[in-house]
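Chemist: Provided herewith is a single structure, encoded as structure tokens, for subsequent inquiry.
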Amino acid sequence: MLIRYKKSFKKIAMGLLSFMPEEKEVKKLQSTIKEYEENPDWQLFLWKEEDILGAVGVRFENEINVVIQHITVNPSHRNMGIGRKMVQAVKRSYEQQYAVCADDMTERFLERCEEEQ
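For the sequence shown, the working numbering gives the first residue as 286, with consecutive numbering after it.
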């Protein structure tokens, strides 16, 4: 189930985002989390089953596009379809109002999600 990020989940969210290659550096990771907390055009969601297993971040680019810019799953739960479930949940949430698309970092993963459907 997709849940909206809140500050009480900060450590979990930072841990999940740190698995992304471009978020390895602590200062970059802190900057990213701060952007999700303060910028109304950035939304971070966490994927919760029994525990929080993944995170997906979107950016509202304009009145037309929602861009999936971060997607990460706890390494011990990868290759179980969780990333695909997160993408599908984001699409269900926004596809009535926006075109859901990828940025350069998430494009290949979203393409694979489309192929596997």
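For each residue, glycine too, the CB sits at the ideal point set by N, CA and C.
Between the C-alpha atoms of Glu346 and Arg377, what's the straight-line distance to the nearest angstrom?
Modeler: If you number the sequence shown from 1, residue 346 lands on position 61. If you number the sequence shown from 1, residue 377 lands on position 92. If you draw a straight line from the Cα of Glu346 to the Cα of Arg377, it is about 18 Å long.
Chemist: Residues in its own chain within less than 8 Å of Ser303 by CB, not counting five upstream and five downstream?
Modeler: Within the sequence shown, numbered from 1, the residue matching residue 303 stands at position 18. Hits under 8 Å: Lys309 and Leu314.
Chemist: Reducing DSSP to helix, strand and coil, say where Ile349 ends up.
Modeler: To locate residue 349, count along the sequence shown from 1; it is residue 64. Three-state DSSP puts Ile349 in coil, outside helix and strand.
Chemist: Inspect the CB distances between the region 325-341 and the region 356-367 and report whether three or more fall short of 8 Å.
Modeler: These segments touch.
Chemist: DSSP three-state call for Lys333: helix, strand or coil?
Modeler: Working through the sequence shown from its first residue, we reach residue 333 at position 48. Reduced to three states, the DSSP call for Lys333 is strand.
Chemist: Where Arg393 and Ala387 are concerned, what is the direct C-alpha to C-alpha distance, given to the nearest angstrom?
Modeler: Position 108 of the sequence shown, counted from the first residue, corresponds to residue 393. Position 102 of the sequence shown, counted from the first residue, corresponds to residue 387. When rounded, the distance between both Cα atoms is 9 Å.
Chemist: So for Thr317, helix, strand or coil by DSSP?
Modeler: The residue you call residue 317 lines up with position 32 of the sequence shown. Here Thr317 sits in helix by DSSP.
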